[in-house]
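Encoded as structure tokens, the structure appears first; notes follow it.
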Amino acid sequence: EPEVTQTPSHQVTQMGQEVILRCVPISNHLYFYWYRQILGQKVEFLVSFYNNEISEKSEIFDDQFSVERPDGSNFTLKIRSTKLEDSAMYFCASREAGTGGVQETQYFGPGTRLLVL
Amino acid sequence: DQQVKQNSPSLSVQEGRISILNCDYTNSMFDYFLWYKKYPAEGPTFLISISSIKDKNEDGRFTVFLNKSAKHLSLHIVPSQPGDSAVYFCAAVYGGSQGNLIFGKGTKLSVKP
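Respectively, the protein sequence lines represent chains A and B.
Heads up, the first sequence is in the numbering used here, so the first residue is 1 and it goes up one at a time.
Heads up, the second sequence is in the numbering used here, so the first residue is 1001 and it goes up one at a time.
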């Protein structure tokens, strides 16, 4: 069964450093998402990406964050200068295009645990 | 501001009995609702969904009920199994959005043998 994969599974970095989190969405999916979950809190939407551009982003997704689809398979989240409060589990998700107004299910990757020291 | 609320942080149920997980929402613009299950150190796994034009959807042991007037949905698991022990998240989608999920805080279900 196809699945969303994410690398690395864990990343430890120093405050102020840049990190790139990688995701390979399911191959026929067209919508891509990043979410994060700070320990003990709920899963929060960061950004959605469709047709090679950001379609929506939350207030969390400030200028320190960027996303890219550098080739036909990878989808990346870059944090330019990490802060302590960026420590969280980051999840990538993807879905097919909806038809006739029906929402298609989002499938999540296993996550990358980011720890900023 | 919590647009999707799961007011019970935990629930304990005996194997074979029914588990009922509840979710309330505040925004009437939500038109699609999903339940996800999450094990520690894994990503959320899709369980079942329901469109706002329906009031019930069933898939095997899982049934989701939607009461739009009360802005309430519930997930019923019958019969509950020890393998169902996990955190269950309710999520909602705005009509016309790109499908961004708004999650509740989750309910930890423990099914005891």
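Beta carbons are placed, not taken as given, at the ideal position from N, Cα and C, and that holds for glycine.
The beta carbons of residue 34(A) and residue 107(A) sit no closer together than 8 Å. Non-local C-beta neighbours of residue 1055(B) in its own chain, meaning closer than 6 Å and more than five positions away in sequence, comprise 1066, ordered along the chain. Taking C-beta atoms under 8 Å as the contact rule, residue 1062(B) and residue 43(A) fail to qualify, at a distance of about 20 Å.
Under the three-state reduction of DSSP output, residue 59(A) falls in the coil class, being neither helix nor strand. In this structure, the alpha-carbon of residue 4(A) lies about 25 Å from that of residue 1075(B). With respect to the C-alpha of residue 1082(B), the residue from 1004(B), 1002(B), 1018(B) having the closest C-alpha is 1018(B). Where residue 1078(B) is concerned, there is no enclosing beta strand (DSSP E), because DSSP gives it neither an H nor an E. At least one CB of chain A lies nearer than 8 Å to the CB of residue 1044(B).
When secondary structure is reduced to three states using DSSP, residue 114(A) falls in the strand class.
Between residue 56(A) and chain B, the shortest Cβ-Cβ separation is below 8 Å. Close CB contacts of residue 1108(B) within its chain, under the 6 Å cut and outside five residues either way in sequence, are with 1010, 1087 (chain order).
In this structure, DSSP gives residue 86(A) a helical state, which the three-state scheme calls helix. Under the Cβ distance rule, residue 108(A) counts among the residues neighbouring chain B, one pair being separated by less than 8 Å.
Taking 7 Å as the upper bound on Cβ-Cβ separation, chain A lies near residues 1089, 1093, 1097, 1098, 1099, 1100 of the segment 1067-1100 of chain B. If you check the CB distance, residue 16(A) and residue 73(A) do not come in under 8 Å. Minimum Cα-Cα distance from residue 29(A) among the listed residues 49(A), 38(A), 83(A) corresponds to 49(A).
At a cut-off of 8 Å between beta-carbon atoms, residue 1102(B) makes contact with chain A. In terms of CA proximity to residue 116(A), 13(A) leads the group 6(A), 13(A), 36(A), 19(A). Spatial neighbours of residue 1014(B) in its own chain (CB-CB distance under 6 Å, excluding positions within 5 residues in sequence) are listed in chain order as 1112. In the DSSP assignment, residue 1018(B) falls outside any beta strand (DSSP E), carrying neither H nor E. Within chain B, the residues placing a beta-carbon under 8 Å from that of residue 105(A) are 1034, 1046, 1049, ordered along the chain. Using a Cβ-Cβ cut-off of 8 Å, residue 1105(B) counts as an interface residue toward chain A, since at least one Cβ of chain A sits closer than that to its own.
Residue 97(A) is positioned such that its CB atom lies no closer than 8 Å to that of residue 36(A).
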